[in-house]
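Peer 1:
2 protein chains.
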Amino acid sequence: MSSLNDVARRAGVSIATVSRVINKGSNVNEETRAKVLKAIKELKYQPSRVAKRLRSKSASSNLIGLLIPDIQNPFYVDVLRGVEDVAYENNYAIIMCNFAQDEKKEKMYLDILQQESIDGLIAAPAHEKDPNVIKLLNDGLPIVCVDRGLTGKDVDVVVVNNRDGAYVAVDHLIKSGYKRIAYISGQKQIPSSKYREMGYRDAIEDNGMQVDVELIKYGDSKHRSGVELCEELLAMANPPDAIFTGNNLITLGALETIHKRELRIPEEVAIVGFDDMMWSISLNPPLSAVRQPAYEIGKRACELLIQRISDPKRSPIQMTLNTKLILRKSC
Amino acid sequence: MSSLNDVARRAGVSIATVSRVINKGSNVNEETRAKVLKAIKELKYQPSRVAKRLRSKSASSNLIGLLIPDIQNPFYVDVLRGVEDVAYENNYAIIMCNFAQDEKKEKMYLDILQQESIDGLIAAPAHEKDPNVIKLLNDGLPIVCVDRGLTGKDVDVVVVNNRDGAYVAVDHLIKSGYKRIAYISGQKQIPSSKYREMGYRDAIEDNGMQVDVELIKYGDSKHRSGVELCEELLAMANPPDAIFTGNNLITLGALETIHKRELRIPEEVAIVGFDDMMWSISLNPPLSAVRQPAYEIGKRACELLIQRISDPKRSPIQMTLNTKLILRKSC
DNA sequence: CTTAAAAATGTAAACGTATAGGTTTTTATT
DNA sequence: AATAAAAACCTATACGTTTACATTTTTAAG
Chain A
383 MSSLNDVARR AGVSIATVSR VINKGSNVNE ETRAKVLKAI KELKYQPSRV
433 AKRLRSKSAS SNLIGLLIPD IQNPFYVDVL RGVEDVAYEN NYAIIMCNFA
483 QDEKKEKMYL DILQQESIDG LIAAPAHEKD PNVIKLLNDG LPIVCVDRGL
533 TGKDVDVVVV NNRDGAYVAV DHLIKSGYKR IAYISGQKQI PSSKYREMGY
583 RDAIEDNGMQ VDVELIKYGD SKHRSGVELC EELLAMANPP DAIFTGNNLI
633 TLGALETIHK RELRIPEEVA IVGFDDMMWS ISLNPPLSAV RQPAYEIGKR
683 ACELLIQRIS DPKRSPIQMT LNTKLILRKS C
Chain B
383 MSSLNDVARR AGVSIATVSR VINKGSNVNE ETRAKVLKAI KELKYQPSRV
433 AKRLRSKSAS SNLIGLLIPD IQNPFYVDVL RGVEDVAYEN NYAIIMCNFA
483 QDEKKEKMYL DILQQESIDG LIAAPAHEKD PNVIKLLNDG LPIVCVDRGL
533 TGKDVDVVVV NNRDGAYVAV DHLIKSGYKR IAYISGQKQI PSSKYREMGY
583 RDAIEDNGMQ VDVELIKYGD SKHRSGVELC EELLAMANPP DAIFTGNNLI
633 TLGALETIHK RELRIPEEVA IVGFDDMMWS ISLNPPLSAV RQPAYEIGKR
683 ACELLIQRIS DPKRSPIQMT LNTKLILRKS C
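Chains as they are written, first to last, in this note's numbering: chain A, 383 to 713; chain B, 383 to 713.
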C-alpha cells in the first residue's frame with residue numbers, strides 16, 4: 383500500500399498538497415491537481431483510515447459499533463439490516479458484536495470498540511443497568527439504545543410499545559374465548575420482557591379475569607426455553623388453552639413442543655407471540671404474531687446515531703414505534 | 383482516554399518502560415512494574431488499537447472482515463455465528479459487511495476493510511471471478527473463501543459438496559416415484575448454483591430419465607424469486623410433481639406459492655431444497671432439506687484464516703464438508 | 001575495589017495523516 | 001514598476017504506539 387508520501391514524491395509536490403487535493407481541494411492549481419490525481423491513480427493510492435483516525439480524533443472514523451445480544455434471533459438480524467442500510471448510505475462501516483447474552487463477552491467487545499475509537503454505538507444493553515454500556519456513555523461516546531433503555535440515563539432510545547403490543551394480543555385471545563392464557567417470558571431482567579408481562583396482566587385483569595402465576599414461565603429468550611417451558615405448561619394438570627410467547631425463538635420452540643404432543647392448533651391450544659417473520663405464513667399453522675418493525679428500529683437508531691455524532695449536544699430522544707397484531711391461523 | 387504518555391508521567395517512568403510492562407514484560411523491575419500497573423489502573427488506561435495498528439503493520443490488529451452476500455439468509459447467519467465464536471476465542475473482532483449482492487457496495491466495503499488494515503478476510507465472493515476480492519488477494523491479504531471459490535486462484539476455501547447434496551436429494555425424489563422434477567436455481571453465476579444443477583442433472587440422467595430444461599428456473603437466490611418462479615412452474619400446462627429448490631429463501635418463497643394455490647404437499651407437489659433451518663420442522667409440512675453444516679463452515683473458515691494470518695506461507699487448503707439429507711414430510 | 005556483563009530504563013524515530021503557520025509565486029491595484 | 005493581496009505550496013508537528021539503540025544501574029566475577 384502506497385502512502386501520501388509516495389504520491390507526493392511521484393507527483394513532485396509536498397504531502398500537504400496531496401492532502402489538500404484529496405480533501406476539500408481549495409487553493410490548489412488545476413495543473414497540480416491533475417498531476418496529483420494521476421499519481422494517485424498510478425499508485426492505486428488508498429488513504430489509511432487508521433492514520434486518519436489517529437491524527438484527528440475529532441474527525442470521523444466512519445465506523446460504528448453494533449452490539450446485539452443474539453444474532454441467531456431473526457429480530458436482531460432485521461435490526462442489523464436497518465442499521466446497515468443507513469450506515470452504508472452515510473459511508474459508515476459496522477463492527478458487529480454479538481455478545482450472546484454473556485456479559486464477559488460484552489465487556490471484551492466494548493473494550494475493543496473503544497480502543498478502535500469508533501464514532502458511535504448502537505446497543506441493545508444486557509439489561510437496564512448495564513455497566514459496560516453506561517461506562518462508554520459516561521466517557522462521552524455517542525450511543526443509541528435499541529429494544530431497551532438505560533435507567534436514569536439520558537440517552538437516545540428506540541423501542542417498541544411492548545406493553546401495548548402484548549395487551550392487544552392477549553386481549554384478542556380473550557375476546558376469542560380463550561380462558562387459560564399462559565405467558566412464556568424471555569429473560570426476566572430485560573425491560574421488554576417486563577413490559578410484555580405488564581400488557582399480558584393488564585389485558586387479563588381488564589377483562590375481569592384473574593392472573594394465574596402458575597401460567598407465567600420465565601426463560602432465557604432462546605429456542606430451547608420455548609421448548610422446555612411449553613412442555614411444562616402442557617404437562618400441567620390443568621393446562622392452558624392458549625399461549626402468549628415472549629419472542630420469536632420462544633414461539634418456535636413452543637410450536638415444536640405442541641407438534642410433538644400432536645395437539646391441534648388453535649383448537650386444543652392457541653398460540654400467538656412477539657415477532658413476526660417473513661416465513662411465519664408458511665408455518666403450521668400460519669402463525670399469528672405481534673409484529674415489531676425491526677428493520678425500522680434499526681434504521682431509526684442509525685439515523686439518530688448519525689445525528690448525534692454530528693451534534694453531540696442535541697438532547698436525547700426516546701422514540702417509540704408501534705407494533706401490529708398480524709392475525710393468521712394460530713389463534 | 384489517557385495515553386501511554388499519561389501513564390508514563392504518572393508512574394514516573396518512560397513510555398518505553400510502560401510499553402514493556404504492557405507487552406511482553408521482559409527486562410522490567412518488579413517494583414517498577416507495580417508502579418506502572420498502578421498508574422494504568424488509576425487512569426483506566428486502554429491502549430489505542432488504532433495507534434498500534436499504525437505503528438506496526440506486521441503486528442496484529444485483531445480485526446477480521448467478513449464479507450457476505452445476504453445477511454437476511456439464515457445460512458449466512460449461521461456461518462457468521464461460527465466465525466464469530468472462533469474469532470472471539472482468539473480475541474478477534476469482526477467487521478461485518480453485507481453487500482447484498484451489490485458489487486458497488488461490495489467494492490466500497492472491501493476498500494474500507496483494506497483501509498482499516500484488517501488482518502484477514504472471510505469472504506463469500508459475488509462470483510468466481512470477483513475482481514474486488516481477487517484484488518485484495520493479490521495485495522497479499524490473508525483470505526478464506528466460503529461457499530464459493532475463486533477460479534484459478536490458490537486460496538483457502540471452505541465449501542460444501544453441493545453437487546452430491548443435490549444429487550442425493552433429487553435421487554431420493556426419483557426413487558420416491560416423482561417423475562417431473564423442477565429445479566429453482568439461485569443466481570446462475572455463483573458456483574454453488576452450478577454444482578447443485580449438476581447434481582440435479584446427473585441424478586435425473588443416472589436414473590434413465592431426461593432433463594427437461596423447461597423445468598429449470600433461474601432466479602436471484604432470494605425469497606421473491608422463489609415465490610415467482612414457483613408460480614411460473616405451477617402455471618405450466620404440464621406442471622412438475624416435485625420441486626428441488628436452490629436455497630432456503632427460495633424454498634420458503636416456493637412454499638408460500640404452493641400454499642397460496644392450496645396444493646397439498648407432498649401429494650400434489652413435493653418439495654425439498656438446500657439449507658435446513660432450526661424451525662424447518664415447524665413448517666407446514668415439516669420440511670425435508672439438504673442440511674449444510676453452516677456453523678461449521680464459519681468455524682472452519684475462521685480457523686483457517688487465523689492459521690493463515692500467523693503463517694502466510696502455508697499452502698492453501700480446500701476443505702469440502704458434507705451435506706446431509708434430512709427427511710421429513712415434504713417429499 | 002575494579003571491571004565486565006547483565007539488567008533496567010530511557011531516547012528518538014517511525015507508521016500515515018491533517019493542519020497551523022510560514023514561504024513563495026501569481027495576480028491585481030495604484 | 002512597486003506594492004499589496006491572494007493563491008499556491010511547503011515545513012514541521014502531533015496523534016499513540018513499538019522498537020532499535022543508547023544509556024544508566026545493578027550484579028557478578030576477578
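We put the beta carbon where it would ideally sit given N, CA and C, even for glycine. Treat the numbers as computed from the prediction; the structure is a model and nothing was measured.
What residues from the segment 451-477 of chain A come within 7 angstroms of chain B, judged by C-beta to C-beta, listed N to C?
Peer 2: Within the segment 451-477 of chain A, the residues whose Cβ lies closer than 7 angstroms to some Cβ of chain B are 453, 454, 459, 462, 463, 466, 470, 475, 476 and 477, listed in chain order.
Peer 1: In whole angstroms, what separates the C-alpha of residue 648(A) from that of residue 575(A)?
Peer 2: Straight-line Cα distance between these residues: approximately 24 angstroms.
Peer 1: For my contact list, residue 436(B) and residue 478(B) are in at a C-beta cut-off of 8 angstroms; report their separation, rounded to the angstrom.
Peer 2: Going by Cβ atoms, the distance from residue 436(B) to residue 478(B) rounds to 23 angstroms, so no, they are not a contact pair.
Peer 1: Between the C-alpha atoms of residue 452(A) and residue 464(B), what's the straight-line distance to the nearest angstrom?
Peer 2: If you take the alpha carbons of residue 452(A) and residue 464(B), they lie about 13 angstroms apart.
Peer 1: Going along chain A in order, which residues have a C-beta closer than 9 angstroms to the C-beta of residue 501(B)?
Peer 2: Those do not exist, as residue 501(B) stays about 12 angstroms from chain A at its closest Cβ, beyond 9 angstroms.
Peer 1: Measure from the C-beta of residue 651(A) to each C-beta in chain B and report whether the shortest distance is under 8 angstroms.
Peer 2: False, the Cβ-Cβ gap to chain B never drops below 8 angstroms.
Peer 1: Select from 430(A), 637(A) and 403(A) the residue whose C-alpha is nearest the C-alpha of residue 417(A).
Peer 2: Selected option, being the one with the closest Cα: 403(A).
Peer 1: Any C-beta of chain B within less than 9 angstroms: which residues of the segment 490-514 of chain A qualify?
Peer 2: Here the close residues are 490, 491, 493, 494, 495, 496, 497, 498 and 499.
Peer 1: Please confirm whether residue 487(A) has its beta-carbon closer than 8 angstroms to some beta-carbon of chain B.
Peer 2: Interface residue, yes.
Peer 1: With C-beta atoms as the reference, is residue 411(B) less than 8 angstroms away from residue 397(B)?
Peer 2: No, the Cβ-Cβ distance between residue 411(B) and residue 397(B) is not below 8 angstroms.
Peer 1: On the DSSP letters alone, give me the boundaries of the alpha helix (DSSP H) that residue 612(B) sits inside.
Peer 2: Element bounds for residue 612(B): 605-616.
Peer 1: Any idea what DSSP makes of residue 539(A), helix, strand or coil?
Peer 2: Strand, per DSSP.
Peer 1: Quick one, which residues of the segment 631-648 of chain A are near chain B if we go by CB-CB under 8 angstroms, in chain order?
Peer 2: Correct list: 634, 637, 638 and 641.
Peer 1: Using a Cβ cut-off of 7 angstroms, which residues of the segment 416-440 of chain B contact any Cβ in chain A, in chain order?
Peer 2: The segment 416-440 of chain B vs chain A, Cβ under 7 angstroms: 428, 429, 430, 431, 432, 433, 435 and 436.
Peer 1: Below 8 angstroms between beta carbons is the criterion; list the residues of the segment 653-679 of chain A that meet it against any residue of chain B, in chain order.
Peer 2: For the segment 653-679 of chain A, which is checked against every Cβ of chain B, the residues closer than 8 angstroms are 660, 661, 663, 664, 665, 666, 667 and 668.
Peer 1: State the CB to CB distance for the pair residue 444(A) and residue 421(A), rounded to an integer number of angstroms; the pair is presumed to be in contact (CB under 8 angstroms).
Peer 2: Not quite, the Cβ-Cβ distance comes to about 24 angstroms (not below 8 angstroms), so this is no contact.
Peer 1: With a cut-off of 8 angstroms, do at least 3 Cβ pairs link the segment 641-661 of chain B to the segment 611-629 of chain B?
Peer 2: Output reads yes: the segment 611-629 of chain B touches the segment 641-661 of chain B.
Peer 1: Give the interface partners of residue 480(B) over in chain A, defined as CB-CB distance under 7 angstroms, in chain order.
Peer 2: Going along chain A in sequence order, the residues near residue 480(B) (Cβ under 7 angstroms) are 466.
Peer 1: From the beta carbon of residue 554(B), is the nearest beta carbon of chain A less than 8 angstroms away?
Peer 2: Cβ-Cβ to chain A under 8 angstroms: no for residue 554(B).
Peer 1: If you draw a straight line from the alpha carbon of residue 490(A) to that of residue 472(B), how long is it in whole angstroms?
Peer 2: One C-alpha to the other measures close to 12 angstroms.
Peer 1: On the criterion of 16 or more Cβ atoms from any shown chain inside 10 Å, does residue 514(B) qualify as buried, or is it exposed?
Peer 2: By the 10 Å Cβ count, residue 514(B) comes out buried.
Peer 1: Sort 466(B), 614(B) and 628(B) by Cα distance to residue 582(B) and report the nearest one.
Peer 2: Of the candidates 466(B), 614(B) and 628(B), the one whose C-alpha sits nearest the C-alpha of residue 582(B) is 628(B).
Peer 1: Is it true that the CB of residue 683(B) sits closer than 8 angstroms to the CB of residue 528(B)?
Peer 2: Closer than 8 angstroms, so yes.
Peer 1: On a Cα-Cα basis, can you pick out the residue from 425(B), 407(B) and 642(B) that is closest to residue 383(B)?
Peer 2: Per the Cα distances, 425(B).
Peer 1: Might you give, ordered along the chain, the residues of its own chain that have their beta carbon closer than 8 angstroms to the beta carbon of residue 562(A), omitting 5 neighbours on each side?
Peer 2: Closer than 8 angstroms at the Cβ level, and outside the excluded window around residue 562(A), lie 594, 597, 620, 621, 622, 623 and 624.
Peer 1: Go to residue 450(B), then tell me how far its beta strand (DSSP E) extends in each direction, as first and last residue.
Peer 2: First-last of the beta strand (DSSP E) with residue 450(B): 445-450.
Peer 1: When you compare each of 532(B), 546(B) and 637(B) to residue 706(B) by their alpha carbons, which one comes out closest?
Peer 2: Nearest option by C-alpha distance: 546(B).
Peer 1: Report yes if the CB atom of residue 665(A) is closer than 8 angstroms to the CB atom of residue 665(B), and no otherwise.
Peer 2: Yes, the Cβ-Cβ distance between residue 665(A) and residue 665(B) is below 8 angstroms.
Peer 1: Given residue 537(B), which residues of its chain have a CB within under 8 angstroms of its CB, disregarding the five upstream and five downstream residues?
Peer 2: These residues qualify, in order along the chain: 519, 525, 526, 527, 531 and 698.
Peer 1: According to DSSP, is residue 435(B) helix, strand or coil?
Peer 2: It is helical.
Peer 1: Go ahead and pull the three-state DSSP assignment for residue 578(A).
Peer 2: Helix.
Peer 1: On the DSSP letters alone, give me the boundaries of the alpha helix (DSSP H) that residue 409(B) sits inside.
Peer 2: From DSSP, residue 409(B) is part of no alpha helix (DSSP H); its letter is neither H nor E.
Peer 1: When DSSP labels each residue in this structure, what does residue 590(B) get in the three-state scheme?
Peer 2: In this structure, residue 590(B) counts as coil in the three-state DSSP scheme.
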